[in-house]
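Accompanying notes for the structure given below.
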Amino acid sequence: MSSNTSPVITRFAPSPTGHLHIGGARTALFAWAYARRHGGVFVLRIEDTDQARSSEESTRGILQDLAWLDILWDEGPEFASEGGKASGGDPRGVGPFSQSQRLDLYNAHMERLIDAGRAYHAFESPEELDEKRKASLAAGRQHRYDRAALEVPEQERKRRAAAGEPHVVRFRVPDGAITLTDEVLGEVTLAPGEVDDFIIRKRDGFPTYHFAVVVDDELMGVTHVIRGQEHLNNTPRHVALQEALGFRVPKFAHLPLIFSADGSKMSKRDKDKAARDACKRAGVEGPPATNISADEFAAWMKDNKRQLQTEQLAAMAESMGLELPEIDVEDFRAAGYLPDVVCNYISLLGWSPPAEAGKDIEKFDMAFLCKWFELGRIGKTNARFDRNKLLAFNNDAIGAMSDEEFADRWREWCARYEPQLPERLGADRFAMLAAALRPRTKTLREAAAGAGFALLPDDAIEFDAKAVEKTLKKNDGEGLAVLRELKPLLEALPTFDPAPIHTVLETYAAEKGLGMGKIAQPLRVALTGGTVSPPIDATVAVLGREAVVGRIERCVREIGG
RNA sequence: GGCCCCAUCGUCUAGUCUGGUCCAGGACAUCACCCUUUCAAGGUGAAGACACGGGUUCGAAUCCCGUUGGGGUCACCA
Numbered sequence: 052m053s054s055n056t057s058p059v060i061t062r063f064a065p066s067p068t069g070h071l072h073i074g075g076a077r078t079a080l081f082a083w084a085y086a087r088r089h090g091g092v093f094v095l096r097i098e099d100t101d102q103a104r105s106s107e108e109s110t111r112g113i114l115q116d117l118a119w120l121d122i123l124w125d126e127g128p129e130f131a132s133e134g135g136k137a138s139g140g141d142p143r144g145v146g147p148f149s150q151s152q153r154l155d156l157y158n159a160h161m162e163r164l165i166d167a168g169r170a171y172h173a174f175e176s177p178e179e180l181d182e183k184r185k186a187s188l189a190a191g192r193q194h195r196y197d198r199a200a201l202e203v204p205e206q207e208r209k210r211r212a213a214a215g216e217p218h219v220v221r222f223r224v225p226d227g228a229i230t231l232t233d234e235v236l237g238e239v240t241l242a243p244g245e246v247d248d249f250i251i252r253k254r255d256g257f258p259t260y261h262f263a264v265v266v267d268d269e270l271m272g273v274t275h276v277i278r279g280q281e282h283l284n285n286t287p288r289h290v291a292l293q294e295a296l297g298f299r300v301p302k303f304a305h306l307p308l309i310f311s312a313d314g315s316k317m318s319k320r321d322k323d324k325a326a327r328d329a330c331k332r333a334g335v336e337g338p339p340a341t342n343i344s345a346d347e348f349a350a351w352m353k354d355n356k357r358q359l360q361t362e363q364l365a366a367m368a369e370s371m372g373l374e375l376p377e378i379d380v381e382d383f384r385a386a387g388y389l390p391d392v393v394c395n396y397i398s399l400l401g402w403s404p405p406a407e408a409g410k411d412i413e414k415f416d417m418a419f420l421c422k423w424f425e426l427g428r429i430g431k432t433n434a435r436f437d438r439n440k441l442l443a444f445n446n447d448a449i450g451a452m453s454d455e456e457f458a459d460r461w462r463e464w465c466a467r468y469e470p471q472l473p474e475r476l477g478a479d480r481f482a483m484l485a486a487a488l489r490p491r492t493k494t495l496r497e498a499a500a501g502a503g504f505a506l507l508p509d510d511a512i513e514f515d516a517k518a519v520e521k522t523l524k525k526n527d528g529e530g531l532a533v534l535r536e537l538k539p540l541l542e543a544l545p546t547f548d549p550a551p552i553h554t555v556l557e558t559y560a561a562e563k564g565l566g567m568g569k570i571a572q573p574l575r576v577a578l579t580g581g582t583v584s585p586p587i588d589a590t591v592a593v594l595g596r597e598a599v600v601g602r603i604e605r606c607v608r609e610i611g612g
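Start counting the first sequence at 52; every next residue gets the next number (the working numbering).
This is the structure in structure tokens:
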């Protein structure tokens, strides 16, 4: 970086009121990439000024999700990820990074504003304001705060506030139009009177978002504010505040929003919707999970706006065999997507690499993103999230891996979501299965599902009726005959590895003048109960001699009668 | 509803700023065929868009205006 330009400082500032949403992840990714590209600093700040909704647990979850995506912050809460990489810290001494710990800082600047007459105490109750709002609405007027508090003389306002009377602090918004320049959208102007005297300190003494953001961005030296477009209308407030406080005005870049496939804004509600629709389709009348009360369920079914807890929805989905749409970063992790693929895909939502980077490049890694990311190439139009494309990318990434790497990644996934799977399989069979499954699996979860046949006890295999008919009974039971002849051949094999198994099957097929399909399919049904499994030699090898012989015997006995 | 933002294949997008090289390129999805030991994957090919209407210009996807459509936002939430 040249020495005459100030370093780039970006930040991601989530409020810890829930899980990290995939849209939030993209915001973080862009802010991170921009800082990386310019050799700058990426700060993580926790916006927990809403005491009622913020939680420590959410904060931990968000840090974990970011670390999983490998979006690591230079400054912010200290965190050691599972991979052992440390993040956070405060080399410049601009912390703490939780707003709830910065109250003194906010109050100091707030007092300056009040003393300068740019902000004032207001004593109306929330109920009072609510009534005024309703009255405006009923009269068909746009509601704006009427500055009623200013009718109380200044000295009296200060006296009452000092005496401890409950109050808020409002910013006295300057009269003129407010214009800001956005790096993505260009100039945006709000006419005079569009912004009213908004609250900057709540009754509970905490600053509102608007105030805290402005103070923190200044104190932390943030040069580029990168955030979602839903904040665009807030930005004039921030600019007005920055000017009143004598702060630098950072550059702004408002990102287009991410929508669900149906065109609505992607939100946790999508899960409620999917679950509710499923309940309606199935005609469910009582709560399908134990962590939901009957009343709660009934109210939720009736009211499309009502939301259940993530855990409740998960329990419901589990009991109904339902797949909820992925919304949170954690959802994608659980669904078996690779973090680098998720980053690759979401970076394409609203951004594309420049031509200098290469022609029509879509698949790239984090280093590429950091090398080429620029605000000027962020689009203005909202994007729909296309799970199919993400899935295709994930599939391609898995396809490009070595068997060993896939096994490692799958093992890590299993440790979190299916810990019994590698334990019961053992290292050798796990590796063998991983190699067999890798070319035909799109997600790590899918691989786990495909491993089911190897996990079941031999006598628990359920033979699919259609498969039995088609591959075993048809043509006077030619499939069963194959099984009977194959059993001793397989049993006699000196080593039970894919290669010799393959040779035996091929030799047998040649002798009988049969196609591989006539042999592999009956065997597959006998061993797995169905017609879908990894290549037959791998399927046989993974199960091992004992299980193979046992399963064939049982199949012949039960189907052959 | 007020205000603000946006508008290229079904979807994500390249191209728009610096009009002509664009009868618009890529990717995902779709369809067809090939391959095949199931399921996938893979290969080849096809179909598919400049929202509409006015300007400006020799020439507009690209510039201007309007219409329509979509979205965001209107809290003592962030």
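Cβ atoms here follow ideal geometry from the backbone N, Cα and C, with glycine treated the same way.
Being a predicted model, the structure only gives us computed values, none of them experimental.
| Item | Value |
| --- | --- |
| Residues bridged to T230 (per DSSP) | T240 |
| Check whether Y157 and F249 have beta carbons under 8 Å apart | no |
| Counterpart residues of W402 in DSSP-defined beta bridges | I429 |
| Nonlocal neighbours in the same chain, by C-beta distance under 6 Å from C606, ignoring five residues either side | A577 |
| Beta-carbon contacts of N55 that lie in its chain and below 7 Å, excluding the five residues immediately before and after | For N55, the predicted model reports a pLDDT of 45, less than 50, meaning its position is unreliable; a value from the coordinates is still stated below. Nothing listed; no residue qualifies. |
| Assigned secondary structure, I309 (DSSP; H/G/I helix, E/B strand, else coil) | strand |
| R87 classed as buried or exposed, judged by whether at least 16 other C-beta atoms fall within 10 angstroms | buried |
| Residue burial classification, T432 (beta-carbon count within 10 angstroms, cutoff 16) | exposed |
| F63 - partner residues in DSSP beta bridges | L95 |
| Own chain, CB closer than 6 Å to A228, minus 5 neighbours either side, in chain order | T240, A242, P243 |
| Contact under 8 Å by Cβ, A173 with L164 | no |
| Exposed unless 16 or more other CB atoms sit within 10 angstroms - verdict on Q206 | exposed |
| Assigned exposure category for E377 - 16 Cβ within 10 Å defines buried | buried |
| Terminal residues of the alpha helix (DSSP H) in which A366 lies | 361–371 |
| C-alpha gap between A406 and V393, whole angstroms | 23 Å |
| Assigned exposure category for M52 - 16 Cβ within 10 Å defines buried | With a pLDDT of only 41 at M52, under the threshold of 50, the placement of this residue in the model should not be trusted, and no figure is reported. |
| Contacting residues, own chain, Cβ-Cβ under 8 Å from E381 (five flanking each side not counted) | H70, L71, G112, D116 |
| Top-ranked residue by Cα proximity to H89, from L95, A76, S57 | S57 |
| Close Cβ partners of K319 (< 6 Å) along its chain, the five nearest in sequence each way excluded | I378 |
| Beta-carbon proximity list for A365, same chain, < 8 Å, skipping 5 on both sides | L375 |
| Residue range of the unbroken alpha helix (DSSP H) whose run includes I251 | Element bounds for I251: not the alpha helix (DSSP H) but the beta strand (DSSP E), 250–252. |
| Span of the alpha helix (DSSP H), counted from its first residue to its last, around H160 | 154–166 |
| E76, buried or exposed, once every other Cβ within 10 Å from all chains shown has been counted against 16 | The question names Glu, but residue 76 is Ala in the sequence shown. A76 should be labelled buried. |
| Spatial distance of T590 from D354 (CA atoms) | 49 Å |
| Identity of the residues DSSP links to E126 by a beta bridge | V94 |
| Residue burial classification, M567 (beta-carbon count within 10 angstroms, cutoff 16) | exposed |
| Span of the alpha helix (DSSP H), counted from its first residue to its last, around Y559 | 549–563 |
| Through-space distance from V59 to V273, alpha-carbon basis | 8 Å |
| Assumed close pair P287, L231 - CB separation to whole angstroms, cut-off 8 Å | 6 Å |
| Integer-rounded CB distance, given that Y85 should sit under 8 Å from F424 | 6 Å |
| Neighbourhood of S138 by C-beta distance below 6 Å, restricted to the same chain and skipping five residues each side | L123, W124, F130 |
| Beta-carbon spacing of P67, S109 below 8 Å | yes |
| V380, enclosing alpha helix (DSSP H) - first and last residue | 380–385 |
| Own chain residues within Cβ distance below 8 Å of S370, not counting five before or after | P339, A340 |
| Cβ pair count under 8 Å reaching 3, the region 455–468 against the region 482–496 | yes |
| For A532, the first and last residue of its enclosing alpha helix (DSSP H) | 525–542 |
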